[in-house]
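Quick note on numbering: the sequence shown equals residues 1 to 127 in the working numbering.
All residues carry an ideal CB built from backbone N, CA and C; glycine is no exception.
It should be emphasised that the depicted structure is a prediction, and the values quoted were computed from it without experimental measurement.
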Amino acid sequence: MARALTPKVVLMDWAMPKMSGLLATRRTLEAQPEIAILILSMHSEAILLRQAIEAGVRGFILKNAAELDLASATTQVASGEFVLDPHFWRRGLAVLQSWERRPAVQSGVAARAASGHRSATSDVHKT
């Protein structure tokens, strides 16, 4: 579908009935690496965040988050920012720091995540 529509941002559900969000993300980015993918999930396990970042997503937010501003998150991801649900910042930053020698992080994933922290906490979820 992404090939036919050529979107700038794809909102990807992590748990879909026919294909996982992880596999769909990988396939989408293999075909069209310029697409920004924002993951929506009801699952908050750190391993899912790690898999999503390694697959190349530009954001990961929880569906059940209070005051979720999906429009703002989508705009931020479209503009190149990394959006991360505040729930992950305590655990997520520790996970990102543990990857500091990994190529994906060296190429800027951690930097984008850190720069997106203010946006994620102030614009997406006002807590």
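#### Entry: Local Cβ density within 10 Å of Lys126, reported as buried at 16 or more and exposed below that
At Lys126, the pLDDT of 39 sits below 50, so the modelled position is not reliable; the number obtained from the coordinates is stated separately. Lys126 should be labelled exposed.
### Task
Figure out for me which residue from Phe88, Glu34, Val10 has the closest Cα to the Cα of Ala65.
Phe88
### Query
So what's Ser72 in DSSP terms, helix, strand or just coil?
helix
### Query
What residues in its chain sit with their C-beta under 8 Å from that of Ala15, if we drop five residues either side in the sequence?
Gly21, Ser41, Met42, His43
### Task
Hey, could you find the ends of the alpha helix (DSSP H) Ala31 is sitting in?
21–31
### Start-to-end residues for the beta strand (DSSP E) that takes in Ala36
36–41
### Cα-Cα separation, Pro86 to Ala31
30 Å
### Query
Between which two residues does the alpha helix (DSSP H) harbouring Ala52 extend?
46–55
### Task
Step through the CB atoms of chain C and report whether any lies within less than 8 Å of the CB of Glu30.
Included in the structure is just one protein chain, with no chain C present.
### Query
What is the DSSP secondary structure of Ala104, counted as helix, strand or coil?
Low confidence applies here, because Ala104 scores a pLDDT of 46, under 50, leaving its location unreliable; read the following figure in that light. Ala104: helix per DSSP, three-state reduction.
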